[in-house]
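The opening position of the sequence shown corresponds to residue 68 in my numbering, with each subsequent residue numbered one higher.
One structure below.
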Amino acid sequence: MTTESVWMPPRALALLIEELAVLASRPNPDAVTAERIRELRKTLSQAEASIKPDDGLVEPGMRITAMLSGDTRATVFLLGERELVSLDPAVEVDVYSPSSPMGQAIIGSHVGDTVAYTTPSDVSIRIEILAAVPYTGGR
Numbered sequence: 068m069t070t071e072s073v074w075m076p077p078r079a080l081a082l083l084i085e086e087l088a089v090l091a092s093r094p095n096p097d098a099v100t101a102e103r104i105r106e107l108r109k110t111l112s113q114a115e116a117s118i119k120p121d122d123g124l125v126e127p128g129m130r131i132t133a134m135l136s137g138d139t140r141a142t143v144f145l146l147g148e149r150e151l152v153s154l155d156p157a158v159e160v161d162v163y164s165p166s167s168p169m170g171q172a173i174i175g176s177h178v179g180d181t182v183a184y185t186t187p188s189d190v191s192i193r194i195e196i197l198a199a200v201p202y203t204g205g206r
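This is how it looks when you write it as structure tokens:
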């Protein structure tokens with residue numbers, strides 16, 4: 068069974084490691100704490116906090132600039148798990164989940180590609196990837 072990695076900013080990874088250390092040091096943890104320890108261990112076993120290569124590939128950990136059909140301005144966002152990315156207060160860009168319909172549609176595409184996806188409300192949207200650069204912090 069292969070485990071899919073989960074990208075997160077390095078600061079988020081450090082905070083999760085710190086939380087696990089604190090919780091794991093408690094003698095006789097209650098059921099809620101024990102469950103949180105299990106969740107943290109699972110997340111950390113899948114964690115990836117590296118800077119992605121600047122190769123134009125759309126994947127978690129990339130800052131994406133895209134034009135959605137019908138928009139007149141480009142949308143800029145970080146592709147990553149919002150719950151994990153939000154642990155890093157330095158992240159000052161919108162975060163879109165790779166598991167969302169749009170995230171699933173754009174993963175694996177490259178700069179210059181146009182892909183289509185359907186929203187949960189059954190609206191078809193086309194999105195052109197204008198830029199995909201490694202996220203290194205901030206905006």
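Even for Gly, the Cβ is constructed at its ideal location relative to N, Cα and C.
Nothing here was measured: the structure is a model prediction, and the numbers come from that model.
### Outcome for SER176 when other beta-carbon atoms lying within 10 angstroms are tallied against a minimum of 16
Indexing the sequence shown from 1 puts residue 176 at position 109. Buried is the call here.
### Message
By the three-class DSSP mapping on this structure, what secondary structure does GLU71 have?
### Response
Along the sequence shown, one-based indexing puts residue 71 at 4. In this structure, DSSP gives GLU71 a state outside helix and strand, which the three-state scheme calls coil.
#### Entry: Under 7 Å between C-beta atoms of GLU195 and THR185
The sequence position of residue 195 within the sequence shown is 128, counting from 1. The sequence position of residue 185 within the sequence shown is 118, counting from 1. Not a contact, by the Cβ cut-off of 7 Å.
### Straight-line gap, ASP189 to PRO168 (C-alpha atoms, nearest Å)
The residue labelled residue 189 in the question sits at position 122 within the sequence shown. The residue labelled residue 168 in the question sits at position 101 within the sequence shown. Approximately 11 Å, taken between the alpha carbons.
### Query
In its own chain, which residues sit with a C-beta less than 7 Å from the C-beta of ASP121, not counting the 5 before and 5 after it?
Here the question's residue 121 lines up with position 54 in the sequence shown. Contacts found: VAL200 and PRO201.
### Message
Taking 7 Å as the threshold (C-beta atoms), are ASP155 and ARG78 in contact?
### Response
As a working note, residue 78 is residue 11 in the sequence shown. As a working note, residue 155 is residue 88 in the sequence shown. It is a contact, given that the beta carbons lie within the stated cut-off.
### Query
Do GLU115 and TRP74 come within 7 Å of each other at the CB atom, strictly closer than that value?
As a working note, residue 74 is residue 7 in the sequence shown. As a working note, residue 115 is residue 48 in the sequence shown. A contact, by the Cβ cut-off of 7 Å.
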